[in-house]
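Participant: If you want the numbering used here, it's the 1-based position in the sequence shown plus 4.
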Amino acid sequence: MRVYELTLKVFLMKDIKSDESLEKIGNIIDKALSRDDKLLGFHKENIYKYYTFNSLYPIQKEKIYHEGRIYSLKIRTIDESLVKYFKKNLVNEYTEYIKALTLECKGIPSRYIEKIYSITPVIIKTETGYWKGKLSLEQFEQRLKDNMIKKYNKYFDTKIDENFSLFRVISFENHKPIASNYKNISILGDKLTLVIDENENAQKLAYLALGTGIGEMNARGFGFVNYKWI
Numbered sequence: 005m006r007v008y009e010l011t012l013k014v015f016l017m018k019d020i021k022s023d024e025s026l027e028k029i030g031n032i033i034d035k036a037l038s039r040d041d042k043l044l045g046f047h048k049e050n051i052y053k054y055y056t057f058n059s060l061y062p063i064q065k066e067k068i069y070h071e072g073r074i075y076s077l078k079i080r081t082i083d084e085s086l087v088k089y090f091k092k093n094l095v096n097e098y099t100e101y102i103k104a105l106t107l108e109c110k111g112i113p114s115r116y117i118e119k120i121y122s123i124t125p126v127i128i129k130t131e132t133g134y135w136k137g138k139l140s141l142e143q144f145e146q147r148l149k150d151n152m153i154k155k156y157n158k159y160f161d162t163k164i165d166e167n168f169s170l171f172r173v174i175s176f177e178n179h180k181p182i183a184s185n186y187k188n189i190s191i192l193g194d195k196l197t198l199v200i201d202e203n204e205n206a207q208k209l210a211y212l213a214l215g216t217g218i219g220e221m222n223a224r225g226f227g228f229v230n231y232k233w234i
């Protein structure tokens, strides 16, 4: 497994509100994927996509990304074929809000990870929406772990031993839920820091998370994490 990081420079055709940026970025990625029939089917299926992305940079204090300016964003994946496709098809793609300009790619080496921390909100949904008040903290932590294990097992067509400690500490960096707009619905999430255990399985899942995100809706840009090596 190798984690790839693509840095995409984009030009904004219209202003974008910060709480709508992930949806607008997702739209241009979806448009690029839709140009291939196989990937269009992959996009529409309810399966793990094994890629995620963050929001536009530099961050605007006024919470508006401005028309006529150039920003950058990062896409991460563990799917090499997707990297090749994006290199060929995402550059010069456009929507009414965003035009893609250039794309650079690098690999993120596998090293011992001390902690991962979310750059975009982490989503764990219940049948009635946001998890707080419906799940205990212990249940929330288990959902995070189960989600990462399922991604790993599916990708490698295996079943790892689940009896291990994934993280020693979990910290919530937000004082109230963080709202993002998606299809005219307000999606609530959290900014998390996870101090990763040093056992082999924990390290495997943490490295996977760099390329796939944590929690749910990763292909919509949620749960994108950065990292600190030991």
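Beta carbons are placed, not taken as given, at the ideal position from N, Cα and C, and that holds for glycine.
Could you give the residue range of the alpha helix (DSSP H) that holds Leu-148?
Facilitator: Membership of Leu-148 in the alpha helix (DSSP H) is indicated by the continuous run 141-160.
Participant: May I have the straight-line CA-CA distance separating His-179 from Tyr-89, to the nearest angstrom?
Facilitator: The straight-line gap from Cα to Cα measures roughly 39 angstroms.
Participant: Using 9 angstroms as the threshold, is the C-beta distance between Ile-128 and Gly-72 below it?
Facilitator: no
Participant: With a CB to CB cut of under 6 angstroms and the five nearest residues on each side skipped, what residues in its chain are close to Val-199?
Facilitator: Lys-119, Phe-171, Arg-172, Val-173
Participant: If you draw a straight line from the alpha carbon of Gln-143 to that of Lys-110, how long is it in whole angstroms?
Facilitator: As the crow flies, the alpha-carbon of Gln-143 is around 36 angstroms from that of Lys-110.
Participant: Relative to the C-alpha of Leu-16, which candidate in Ala-36, Phe-168, Glu-97, Ile-164 has its C-alpha closest?
Facilitator: Glu-97
Participant: Which same chain residues end up closer than 8 angstroms to Met-152 when comparing Cβ atoms and leaving out the 5 residues on each side of it in sequence?
Facilitator: Leu-170, Leu-209, Leu-212, Ala-213, Ile-218
Participant: Rounded to the nearest angstrom, what separates Met-5 and Ile-82 at their Cα positions?
Facilitator: 7 angstroms
Participant: Out of curiosity, what's the CA-to-CA distance linking Ser-33 and Lys-65?
Facilitator: Note that residue 33 is Ile in the sequence shown here, rather than Ser. Counting only the Cα atoms, Lys-65 lies some 25 angstroms from Ile-33.
Participant: From which residue to which residue does the beta strand (DSSP E) around Ala-104 run?
Facilitator: 102-112
Participant: List the DSSP bridge partners of Asp-194.
Facilitator: In the DSSP output, where bridge partners are listed per residue, Asp-194 has Val-126.
Participant: Comparing alpha-carbon positions, which option in Asn-205, Ser-38, Leu-12, Ser-25 lies nearest Asn-188?
Facilitator: Ser-25
Participant: Below 7 angstroms CB to CB, which residues in the same chain sit around Gly-137 once its five sequence neighbours on both sides are set aside?
Facilitator: none
Participant: Can you name the start and end residues of the alpha helix (DSSP H) that Tyr-54 belongs to?
Facilitator: Run containing Tyr-54: none; DSSP gives neither H nor E here.
Participant: Starting from Thr-11, trace the beta strand (DSSP E) both ways and give me its first and last residue.
Facilitator: 7-16
Participant: So Tyr-211 is in the alpha helix (DSSP H); what residue range does that whole segment cover?
Facilitator: 204-216
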